[in-house]
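Novice: Before I ask anything, let me first share the structure, which is written out below as structure tokens.
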Amino acid sequence: MNFKFHKVLIIGGGPSSIGHENELDAATFQTILTFQKFNIETVLLDNNPFTLTMDLLPDQDIFINEINYSNVLKLIKKVHPDAILPTLGGLHAIRLCKELIHQNILKNQGIKLLGASQLAIFMINNPIKMGRIIKNIHENIVPSTIVSSRENAVYIARKIGLPVIIKPVSKHHSPYRQNCKNFNQLDHALDNFFKHSSSHQCIVEKSIVGYKELETIGIRDESGTKILISGLENIDAVGIHSGDSIIITPFQTITDPEYQKIRNATFKIMDALRVIGFCHVQFALDPTTKRFFVTKITPSFSRSITLAAKATNYPIAAVCSQLILGRTLEHVSLPSKYSHLIPIMEPTLDHVVIKMPLWPFDNVPKASHHLNTVMKSVGSTIGIGRTIEEAMLKALRSSQFSPRDVLPSMQNLSDDNMINQLIHPRQNRILVLIEALRRGYSPAELAELTKIDQFYFYKLRNLLVVENEIINHPLRSSTVKAAHNSGFGDGMLAETWNVPIEKIFDLGQKCHSIPTYKAIESTAGEVLNTSSSYYSSYEKENESHRFKSDSALVIGRGGNQLGPNTAADYYTAQTLIQLHHSGYQTIIMNNNPNSISLCPKISNKQYIEPIQLGNILDIIYLEQPKIIFIPGNRHYLVRELSKRHFKIAIIPPDQETGVLRDSKASFGIDFFVTANHCHPISTVQFNLKQPQQLKLIFKYMAPLKMSSRVIKNLTSQAINEIKSSSEWHGLVQALFIHNQNGNHLIGVRPLKITETVFLNRVTGINWIHELIKYYTHQLDRNKLIHLLEHQEQKHLEMVAKFPFRQLKVRTKNGLDSQIVGAKIEPKQ
-4 MNFKFHKVLI IGGGPSSIGH ENELDAATFQ TILTFQKFNI ETVLLDNNPF TLTMDLLPDQ
56 DIFINEINYS NVLKLIKKVH PDAILPTLGG LHAIRLCKEL IHQNILKNQG IKLLGASQLA
116 IFMINNPIKM GRIIKNIHEN IVPSTIVSSR ENAVYIARKI GLPVIIKPVS KHHSPYRQNC
176 KNFNQLDHAL DNFFKHSSSH QCIVEKSIVG YKELETIGIR DESGTKILIS GLENIDAVGI
236 HSGDSIIITP FQTITDPEYQ KIRNATFKIM DALRVIGFCH VQFALDPTTK RFFVTKITPS
296 FSRSITLAAK ATNYPIAAVC SQLILGRTLE HVSLPSKYSH LIPIMEPTLD HVVIKMPLWP
356 FDNVPKASHH LNTVMKSVGS TIGIGRTIEE AMLKALRSSQ FSPRDVLPSM QNLSDDNMIN
416 QLIHPRQNRI LVLIEALRRG YSPAELAELT KIDQFYFYKL RNLLVVENEI INHPLRSSTV
476 KAAHNSGFGD GMLAETWNVP IEKIFDLGQK CHSIPTYKAI ESTAGEVLNT SSSYYSSYEK
536 ENESHRFKSD SALVIGRGGN QLGPNTAADY YTAQTLIQLH HSGYQTIIMN NNPNSISLCP
596 KISNKQYIEP IQLGNILDII YLEQPKIIFI PGNRHYLVRE LSKRHFKIAI IPPDQETGVL
656 RDSKASFGID FFVTANHCHP ISTVQFNLKQ PQQLKLIFKY MAPLKMSSRV IKNLTSQAIN
716 EIKSSSEWHG LVQALFIHNQ NGNHLIGVRP LKITETVFLN RVTGINWIHE LIKYYTHQLD
776 RNKLIHLLEH QEQKHLEMVA KFPFRQLKVR TKNGLDSQIV GAKIEPKQ
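Under my numbering, the first residue of the sequence shown carries the number -4, and numbering increases by one thereafter.
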């Protein structure tokens, strides 16, 4: 196929933040692989140090700079791309592309816009334009009007009826809005919005709080062929941000006629916007009139698209990257493991997927715990099962980081407090709902209080029936079977019955309640499709079979949290890549839908399961891996797996095992340490003027600007200290403090996850790969020395990003446990 363009500029997603993890990186990674397959050159602008995509491209095609209009313009003039792709970079990339169109840059330079039409670009964050488009295709839009005065706002509010939502008018996306149930609240909201609006305007919109929130993911090719990939149902009603809601797929509580209406509306919207690729549409369904409204259209990659891809195993990124090149759905070519029918078949599921949000409040306790239209969750986990009950409990177990697979109890919550939390939801919403059922609230009462469909309360009540059986009939075969089929883990049963987990395993063997693994695929078994992704069930047929050659199991980090997690996911992905290069069949166990380490291109097999001891042991018994890689912060799992004499490697290492004589440092020297050698790599500066508290370091500059003679002397001191202990191996950092009396060595610690990735960028050497070679006894010391002697270090700065602004928290200095992402830029 001949393409009209040969060089594409991709605008990256930038640093991760609330609402943006690794999903954009995963999509970009797969898109670039497709472009490379068709010999299309890709140029990437990004400043996220933790993106795997940077490792796909040669240095001359990677531009590490702030993602702004000026830098995009400079890059266009420098590399002269034929096309530009903004739909993998989030809303910020879309806004930049809008400005390029407005300034006629694309037209004058002859650059083709990929992935979204100009009409779609200019509709985003413009409710008036979106309203016109929706009305033109005869679909419903929530009534809203832009007002410039208090009088006009009150008039519109009276006309459409209270309650109303007040939103700012802004060319940039603003999540802030206020629900006004009476005119006193309206007056207060108008004072606030007019005061802070540069245009002295705001939007008055009819409130749809309490409506059912539904989402669809569709794709369309240039010939107009369309398919619906997935329907996502928010269990929480409109009023809670969809990123903070529990989400289930496929749809559960709408009728087929309602489904067909929403499907048809999605197709009409994609046609009207001339979408080529993916499109995410959100709807609100009035539970009384059954009338639905289009609330948001996103013709760019999003968390919901990633969730749809994980739930269906439909290769959305791989297919859409070919659609934007001009191929039609019927001519999309996929790897041989896929049936040729997959691109043109609408997915049909024989399983249920539930997404559970994760919260930052343990790390940022000052943030408001109340859930509303402003997103607060920093990540999510998913559970997959044959039934809603099983998927719900797996998702809930995955969202808890209790090492013993135990859910928090809400039994000490007072009745008044419970009613308050039912009406005004907080982060522990699902546990409160379960506790309310325990105390005798009926599904009808809870539906009235929460606006959640009664259907889900009946499903939660089914779980309580099984819970009562577990409590009242311990160690029975029938109880074990019922528990397994409902998603209860062996760890939960062992803890409840106060027995070793092996006892539960033996009971399961005796009553033939043994986990089997089902492929996650998009045809409900209708088409032969060799999927590599699996979830557990307790049915008879097992679809996952042990590899004939040596395998390695990598335990993922689970759902994203504040701290090093997006960097840790990069670390996990690089671990899998190197293990593959080392000759292992690679297996990943994870449950984060936005994780790039779950991308099927990166490993041979993926298990989406709770990261709990029982689930890990089940996979180990099936797969018999030669080596197991587990994060160092999972102390309980490390201890329990070690006790069972499995061969494990702790990667990334436990960050708390440093031996330090001070809590402050000014700079560090990084080393690669083996049993017999200590190789200096590079230096990194925190702050030479004033030593920094280690937990408050958020800026890194490398290499250190200091005389080679001084560095050589400090390196010798560090090597002596490292060699004085046999516990140091792998990537190690010696820390120094600088003051008026000179430079002083304060101790040694494992190199932090974020700094390891930064070291990769500075040196151009993949140190995670070298570490895996070391742990698998494949490290060639001569090659390592050659790499070190010929490295060309870049002068870079990495600055951590915090979520305080998004969470509306006034905090000056952030801790390393509160980091949400980072940005990187060159320094002279």
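For glycine and all other residues, C-beta sits at the position ideal for the given N, C-alpha and C. Everything numeric in this text was worked out from a predicted model, so none of it was measured.
On the DSSP bridge assignment, give the partners of Cys274 in chain order.
Specialist: As a first step, residue 274 is located in the sequence shown; it is residue number 279 there, counting from the start. BP columns for Cys274 point to Gly213.
Novice: Which residue comes first and which comes last in the alpha helix (DSSP H) that contains Ile118?
Specialist: The count along the sequence shown starts at 1 and reaches residue 118 at position 123. Checking the sequence shown, residue 118 turns out to be Met, not Ile. From DSSP, the alpha helix (DSSP H) with Met118 extends over 113 to 118.
Novice: Check whether the Cβ atoms of Asp613 and Ser677 sit closer than 8 Å, and answer yes or no.
Specialist: Mapped onto the sequence shown, residue 613 falls at position 618. Mapped onto the sequence shown, residue 677 falls at position 682. Taking 8 Å as the Cβ cut-off, Asp613 and Ser677 do not qualify as a contacting pair.
Novice: Can Ile741 and Arg656 be called in contact, C-beta distance under 8 Å?
Specialist: For the purposes of this step, residue 741 is taken as the residue at position 746 of the sequence shown. For the purposes of this step, residue 656 is taken as the residue at position 661 of the sequence shown. Yes. Within cutoff.
Novice: When the Cβ atoms of the region 415 to 432 are set against those of the region 440 to 449, are three or more pairs found closer than 8 Å?
Specialist: At 8 Å Cβ cutoff, the stretches touch.
Novice: Kindly list the residues whose CB is nearer than 7 Å to the CB of Val199, restricted to its own chain and excluding five residues on each side of it in sequence; keep chain order.
Specialist: Residue numbering aside, residue 199 sits at position 204 when the sequence shown is read from its first letter. Ser139, Thr140, Val142, Ala148, Ile151, Ala152, Val159, Ile161, listed in sequence order.
Novice: Name the two residues that bound the continuous beta strand (DSSP E) containing Glu228.
Specialist: Within the sequence shown, numbered from 1, the residue matching residue 228 stands at position 233. That run of the beta strand (DSSP E) goes 221 to 229.
Novice: At the 8 Å Cβ level, is Lys803 part of the contact set with chain B, yes or no?
Specialist: This model lacks chain B altogether; it includes just one protein chain.
Novice: If you follow the alpha helix (DSSP H) that Gln773 is in, where does it begin and where does it stop?
Specialist: For the purposes of this step, residue 773 is taken as the residue at position 778 of the sequence shown. That residue, Gln773, is in no alpha helix (DSSP H); it is neither H nor E in DSSP.
Novice: Is the distance from the Cβ of Leu636 to the Cβ of Ile622 below 8 Å?
Specialist: Here residue 636 corresponds to residue number 641 of the sequence shown, with the count starting at 1. Here residue 622 corresponds to residue number 627 of the sequence shown, with the count starting at 1. No, the Cβ-Cβ distance between Leu636 and Ile622 is not below 8 Å.
Novice: In chain order, what residues of the same chain lie with their CB nearer than 7 Å to the CB of Ala660, ignoring the 5 residues before and after it?
Specialist: The sequence position of residue 660 within the sequence shown is 665, counting from 1. Counting only Cβ-Cβ distances below 7 Å, and skipping sequence neighbours, we find Phe681, Pro686, Gln687, Leu689, Leu730, Phe731, Ile732, Ile741.
Novice: Is it the case that the Cβ atoms of Glu430 and Met405 are separated by a distance below 8 Å?
Specialist: Along the sequence shown, read from residue 1 onward, the residue named residue 430 stands at position 435. Along the sequence shown, read from residue 1 onward, the residue named residue 405 stands at position 410. In this structure, Met405 lies closer than 8 Å to Glu430 by Cβ.
Novice: Got a sec, what are the start and stop residues for the alpha helix (DSSP H) Ser393 sits in?
Specialist: In the sequence shown, residue 393 corresponds to position 398, counting from 1. From DSSP, the alpha helix (DSSP H) with Ser393 extends over 383 to 394.
Novice: Would you call the region 597 to 612 in contact with the region 567 to 579, where contact means no fewer than 3 C-beta pairs closer than 8 Å?
Specialist: Yes, since at least three Cβ pairs between the region 597 to 612 and the region 567 to 579 fall closer than 8 Å, the two stretches touch.
Novice: Does Gly126 come out as helix, strand or coil in the three-state DSSP assignment?
Specialist: Looking up residue 126 in the sequence shown gives position 131. Three-state DSSP puts Gly126 in a helix.
Novice: Buried or exposed: Leu617, going by 16 or more other Cβ atoms within 10 Å of its Cβ?
Specialist: Counting from one through the sequence shown, the residue named residue 617 turns up at place 622. Buried is the call here.
Novice: Check whether the Cβ atoms of Ile379 and Ile515 lie closer than 8 Å to each other.
Specialist: One-based indexing of the sequence shown puts residue 379 at position 384. One-based indexing of the sequence shown puts residue 515 at position 520. Result yes, Cβ atoms of Ile379 and Ile515 sit closer than 8 Å.
Novice: Please confirm whether Tyr566 and Ile748 have their CB atoms less than 8 Å apart.
Specialist: Here residue 566 refers to the residue found at position 571 of the sequence shown. Here residue 748 refers to the residue found at position 753 of the sequence shown. In contact: Tyr566 and Ile748 (Cβ atoms closer than 8 Å).
Novice: Would you mind working out which of Thr771, Ile496, Lys822 sits nearest Lys638, comparing C-alpha positions?
Specialist: Within the sequence shown, residue 638 is the residue found at index 643, counting from 1. Cα-wise, what sits closest to Lys638 is Ile496.
Novice: Leaving out five residues on either side along the sequence, give the residues of the same chain with a beta carbon under 8 Å from the beta carbon of Leu466.
Specialist: Reading the sequence shown from its first residue, position 471 is the one you call residue 466. Residue identity check: residue 466 is Ile in the sequence provided, not Leu. Excluding residues within five positions, the ones whose Cβ falls inside 8 Å are Thr491.
Novice: Relative to the C-alpha of Val67, which candidate in Leu47, Gln98, Met49 has its C-alpha closest?
Specialist: Counted from its first residue, the sequence shown places residue 67 at position 72. Of the candidates Leu47, Gln98, Met49, the one whose C-alpha sits nearest the C-alpha of Val67 is Gln98.
Novice: How about Glu210 and Val233: are their beta carbons less than 8 Å apart?
Specialist: In the sequence shown, residue 210 corresponds to position 215, counting from 1. In the sequence shown, residue 233 corresponds to position 238, counting from 1. No, the pair does not count as a contact, with Cβ atoms beyond the cut-off.
Novice: Looking at the strands, I want to know which residues DSSP matches up with Val347.
Specialist: Indexing the sequence shown from 1 puts residue 347 at position 352. Gly380.
Novice: What residue range is occupied by the uninterrupted beta strand (DSSP E) comprising Val549?
Specialist: The residue labelled residue 549 in the question sits at position 554 within the sequence shown. Per DSSP, Val549 belongs to the beta strand (DSSP E) from 546 to 550.
Novice: With burial defined as no fewer than 16 other Cβ atoms inside 10 Å of the residue's Cβ, what is the status of Phe396: buried or exposed?
Specialist: Position 401 of the sequence shown, counted from the first residue, corresponds to residue 396. Under this definition Phe396 is an exposed residue.
Novice: Are there 16 or more other CB atoms within 10 angstroms of the CB of Ser527, so buried, or fewer, so exposed?
Specialist: By one-based count along the sequence shown, residue 527 stands at place 532. Classification for Ser527: buried.
Novice: DSSP three-state label for Asp665, please.
Specialist: Residue 665 sits at position 670 when you count from the first residue of the sequence shown. In the structure shown, Asp665 sits in a strand (DSSP, three-state: E or B).
Novice: Could you pull out every residue in the same chain whose Cβ sits closer than 7 Å to the Cβ of Lys124, ignoring the five residues on either side in sequence?
Specialist: For the purposes of this step, residue 124 is taken as the residue at position 129 of the sequence shown. Same-chain partners within the cutoff: Phe117, Met118.
Novice: Using only alpha-carbon positions, find the residue among Pro342, Val137, Leu329 that is nearest to Ile222.
Specialist: For this step, residue 222 is matched to residue 227 along the sequence shown. When each option's Cα is compared against that of Ile222, the closest is Pro342.
Novice: Taking the alpha carbon of Ala386 as the reference point, which residue from His365, Ser363, His346, Met370 has its own alpha carbon closest?
Specialist: Counted from its first residue, the sequence shown places residue 386 at position 391. Of the listed residues, the one whose Cα sits closest to Ala386 is His346.
Novice: Under the assumption that Ile13 contacts Met370 (Cβ atoms under 8 Å), give the Cβ distance between them as a whole number of angstroms.
Specialist: Within the sequence shown, residue 13 is the residue found at index 18, counting from 1. Within the sequence shown, residue 370 is the residue found at index 375, counting from 1. Their Cβ separation, rounded to whole angstroms, is 6 Å, which keeps Ile13 and Met370 in contact under 8 Å.
Novice: Looking only at C-alpha atoms, which of His781, Lys700, Lys291, Ala88 sits nearest to Ile137?
Specialist: As a first step, residue 137 is located in the sequence shown; it is residue number 142 there, counting from the start. In the sequence as displayed, the identity of residue 137 is Val instead of Ile. Residue Lys291 is the option with its Cα nearest to Val137.
Novice: So what does DSSP say about His75, is it helix, strand or coil?
Specialist: Translated into positions along the sequence shown, residue 75 becomes position 80. If DSSP states are grouped into helix, strand and coil, His75 belongs with coil.
Novice: Rounded to the nearest angstrom, what separates Thr368 and Gln801 at their Cα positions?
Specialist: Here residue 368 refers to the residue found at position 373 when the sequence shown is read from its first residue. Here residue 801 refers to the residue found at position 806 when the sequence shown is read from its first residue. Roughly 12 Å separates the two Cα atoms.
Novice: For the alpha helix (DSSP H) that contains Ser473, what are its first and last residues?
Specialist: The residue given as residue 473 occupies position 478 in the sequence shown. Residues 472 to 480.
Novice: Excluding the 5 residues preceding and the 5 following Ala184 in the sequence, name in chain order all residues of the same chain whose CB lies nearer than 6 Å to its CB.
Specialist: Taking the first residue of the sequence shown as 1, we reach residue 184 at position 189. For Ala184, where only same-chain residues beyond five positions count, the Cβ hits under 6 Å are Ile161, Gln173, Cys175.
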